[in-house]
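Asker: Note that the sequence shown ends on residue 696 in this note's numbering; no numbers are left out.
All C-beta atoms, glycine included, are put in the ideal place defined by N, C-alpha and C.
A single structure is presented below for examination.
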Amino acid sequence: MQIDRDAPLRFLKAAFLPEDWIAVLLKRHDTGEAIQRVGPLDMALSPRFQSWLRFKNANGFSVFVSVNALTPGMRSRTRESVRAVRHVFLDADRDCDRILATIDGRPDVPTPSFVIRSSAGRAHILWPVTGMSVRHAEALQKHLARELGADTAATSAAQLTRLPGLLNRKYFPPPLVSMDREGPATSYRVNSFPDPPVAAKVATPGQAPRHGWSMIERARRYVAATPPALQGRQGDLATFCLCCRLVSRFELPDHEAMALLHSWNARCEPPWKERDLMLKLTSARRCACPSSEPAEESGESARARPKALRDKPSTHT
């Protein structure tokens, strides 16, 4: 599959301001290895950096970029590090053409400026915005995702999208990540979109976002529904993905995340050493992955999650 060397540059230049800082994440889907770089837009546009991205993509890494601008000098990608909301984002993780047709037929939802197609039936939909707070953007994204049938979990301001023009290494053969609707170059404002209902507001840690459950209770239920890791069957990746969920989706501090991991770890075969679990948690917080598959595999249902498996016995005793 031939890559499009110009597409990453076109998207980055159109999606961000020259002074913006962004995050670029590279991930192997087979091992879970992740590499993140945070820096000014000029860094990502440089020929040397683009050449490095193409090299890593050719060697099995998918390439993602943050949808919002980060605070200069930051080295992580979290909600707290978002300096400016640059896009309203939806993950149409299935039946994307139906979702796009619904958007086109709604007078209260503007025309998306970018549609990034990652594989058959899947797309990331973006609207450039100005003057929108992180809290409002997340509430709006959650509201639109529910109404349109998009992924309701992929609504964090720290969300990633795939970088157009490169290959989606999640599949074999790898499809090209393509981009259409490269315009209009309009930046929408808060009043361009429907008002999210009060119930859709994003909860801060410890609040009860729905069903009367606190965030820690939601995380506890999630961990309880997550299958244990088994040695020799991709458990290293499964453990890292669970850590990513706890620190990014549920926004738990280390002590609360470790408490939940301890109960889950007791079911693993063999259990992780505590120091290894802590290393996984630290790595997940550094990468701030929003889900096991950034912006694509973050559904609410435990039934939609792959089985947790383990494949790196060298990290165990």
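Keeping to the same chain, check which residues put their C-beta closer than 7 Å to that of Met422; ignore five residues upstream and five downstream.
Answerer: The residue you call residue 422 lines up with position 43 of the sequence shown. Within the same chain, Met422 has close Cβ partners Phe428.
Asker: So what's Asp385 in DSSP terms, helix, strand or just coil?
Answerer: The count along the sequence shown starts at 1 and reaches residue 385 at position 6. Residue state, collapsed to three classes: coil.
Asker: Keeping to the same chain, check which residues put their C-beta closer than 7 Å to that of Ala663; ignore five residues upstream and five downstream.
Answerer: Residue mapping note: residue 663 aligns to position 284 of the sequence shown, counting from 1. Closer than 7 Å at Cβ, skipping near neighbours: Phe619, Cys622, Cys623, Val626.
Asker: Roughly how many angstroms lie between the CA atoms of Arg541 and Phe443, to the nearest whole one?
Answerer: In the sequence shown, counting from the first residue as 1, residue 541 sits at position 162. In the sequence shown, counting from the first residue as 1, residue 443 sits at position 64. When rounded, the distance between both Cα atoms is 4 Å.
Asker: With a threshold of 16 other CB atoms inside 10 Å of the CB of Gln586, please say whether the residue is buried or exposed.
Answerer: As a position in the sequence shown, residue 586 is number 207, starting the count at 1. Bear in mind that a pLDDT of 44 at Gln586, under 50, signals an unreliable position, so the model cannot answer this.
Asker: Report the residue from Arg465, Ile482, Lys521, Gln381 whose alpha carbon sits nearest the alpha carbon of Val508.
Answerer: Your numbering for residue 508 matches position 129 in the sequence shown. If we check each option's Cα against that of Val508, Arg465 comes out closest.
Asker: Does DSSP put Ala608 in a helix, in a strand, or in coil?
Answerer: Counted from its first residue, the sequence shown places residue 608 at position 229. Correct three-state label for Ala608: coil.
Asker: Let me know the beta strand (DSSP E) ranges lying completely inside the stretch 491-525, each 3 residues or longer, listed in chain order.
Answerer: The qualifying runs are 493-498, 501-507.
Asker: Measuring straight from C-alpha to C-alpha, what distance separates Pro489 and Cys647?
Answerer: Taking the sequence shown and counting its residues from 1, one reaches residue 489 at position 110. Taking the sequence shown and counting its residues from 1, one reaches residue 647 at position 268. Taking the straight line from one Cα to the other gives about 47 Å.
Asker: Arg665 and Ser455: beta carbons closer than 8 Å?
Answerer: Within the sequence shown, the letter at position 286 stands for residue 665. Within the sequence shown, the letter at position 76 stands for residue 455. Going by C-beta atoms, Arg665 is nearer than 8 Å to Ser455.
Asker: Skipping 5 residues on each side, what residues in its chain have a beta carbon closer than 6 Å to that of Ala578?
Answerer: Position 199 of the sequence shown holds residue 578. Legend: pLDDT at Ala578 = 41, less than 50; position of this residue unreliable, no value from coordinates given.
Asker: DSSP state of Phe572, grouped into three classes?
Answerer: Mapped onto the sequence shown, residue 572 falls at position 193. Three-state DSSP puts Phe572 in coil, outside helix and strand.
Asker: Taking just the CA atoms, how far does Tyr550 sit from Gln381?
Answerer: For the purposes of this step, residue 381 is taken as residue 2 along the sequence shown, with counting starting at 1. For the purposes of this step, residue 550 is taken as residue 171 along the sequence shown, with counting starting at 1. If you take the alpha carbons of Gln381 and Tyr550, they lie about 15 Å apart.
Asker: In the structure shown, what three-state DSSP assignment does Gln400 receive?
Answerer: Residue mapping note: residue 400 aligns to position 21 of the sequence shown, counting from 1. Strictly speaking, residue 400 in this sequence is Trp, with Gln absent from that position. In the structure shown, Trp400 sits in a strand (DSSP, three-state: E or B).
Asker: Identify, in the order they occur along the chain, each residue of the same chain with its Cβ nearer than 7 Å to the Cβ of Asn644, setting aside the five sequence neighbours on each side.
Answerer: The residue given as residue 644 occupies position 265 in the sequence shown. The residues are Pro650, Trp651, Leu656.
Asker: Can you name, in chain order, every residue of its own chain whose Cβ lies under 8 Å from the Cβ of His522, other than the five neighbours on each side?
Answerer: Taking the first residue of the sequence shown as 1, we reach residue 522 at position 143. If we look at His522 and ignore the five residues flanking it on each side, its Cβ neighbours are Pro573, Pro575, Pro576, Ala579.
Asker: For the beta strand (DSSP E) that contains Leu545, what are its first and last residues?
Answerer: Here residue 545 corresponds to residue number 166 of the sequence shown, with the count starting at 1. Element bounds for Leu545: n/a, residue is neither H nor E.
Asker: Check whether the Cβ of Trp506 sits closer than 7 Å to any heavy atom of the ligand FAD, and report yes or no.
Answerer: With respect to the ligand FAD, the structure shown offers nothing to examine, as it has no ligands at all.
Asker: State the Cα-Cα distance for the pair Ser701 and Pro451, rounded to the nearest angstrom.
Answerer: This structure leaves residue 701 out entirely; the chain is present only between 380 and 696.
Asker: Taking Cβ positions only, does Thr490 come closer than 8 Å to chain B?
Answerer: The structure shown contains no chain B, having only a single protein chain.
Asker: I'd like to check one pair, Ala529 with Asp483: are the Cβ atoms closer than 8 Å?
Answerer: Numbered from 1 along the sequence shown, position 104 holds the residue referred to as residue 483. Numbered from 1 along the sequence shown, position 150 holds the residue referred to as residue 529. Their beta carbons are not under 8 Å apart, which means Asp483 does not touch Ala529 by this criterion.
Asker: As a quick exercise: from Pro554, Ser566, Arg548, pick the residue whose alpha carbon is nearest that of Phe440.
Answerer: Along the sequence shown, read from residue 1 onward, the residue named residue 440 stands at position 61. Of the listed residues, the one whose Cα sits closest to Phe440 is Arg548.
Asker: Quick one: give me the first and last residue of the alpha helix (DSSP H) that Met558 is part of.
Answerer: Position 179 of the sequence shown, counted from the start, is the residue given in the question as residue 558. Unbroken run through Met558 is the beta strand (DSSP E), 557-559; no alpha helix (DSSP H).
Asker: Look up Leu539 in the DSSP assignment and say whether it is helix, strand or coil.
Answerer: The sequence position of residue 539 within the sequence shown is 160, counting from 1. Of the three classes helix, strand and coil, the one that applies to Leu539 here is strand, per DSSP.
Asker: So, with DSSP's three-state summary, where would you put Pro426?
Answerer: Locating residue 426 in the sequence shown gives position 47, where the first residue counts as 1. Residue state, collapsed to three classes: helix.
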